[in-house]
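As structure tokens, the structure follows; a few thoughts come after it.
Residue numbers (the working numbering): 15 to 68.
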């Protein structure tokens, strides 16, 4: 299993998560909600766990 932290704008990260789900060799185990970064109104983070597809 690999844990990934994505940082950026909400709409950009949701687009990237969709692309990660489309990778044939990767299985997404879990994806968190969007969390706003402290001190900024523009950027946040999403955590996801992936593993190689068996």
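Beta carbons: idealized from backbone N, C-alpha and C, even for Gly.
Endpoints, the alpha helix (DSSP H) within which residue i is located
{"i": "residue 25", "result": "24-35"}
Beta-carbon gap between residue i and residue j smaller than 8 angstroms
{"i": "residue 64", "j": "residue 18", "result": "yes"}
{"i": "residue 21", "j": "residue 49", "result": "no"}
Best match in the options for proximity to residue i [C-alpha to C-alpha]
{"i": "residue 60", "options": "68, 66, 44, 53", "result": "44"}
{"i": "residue 55", "options": "20, 24, 16", "result": "24"}
{"i": "residue 46", "options": "29, 36, 62", "result": "62"}
Span of the beta strand (DSSP E) around residue i
{"i": "residue 38", "result": "Premise fails: residue 38 is in no beta strand (DSSP E) and is neither H nor E."}
{"i": "residue 58", "result": "58-66"}
Local Cβ density within 10 Å of residue i, reported as buried at 16 or more and exposed below that
{"i": "residue 27", "result": "buried"}
Contact set for residue i: own chain, Cβ-Cβ below 8 angstroms, skip 5 residues either direction
{"i": "residue 67", "result": "38, 39, 40, 41"}
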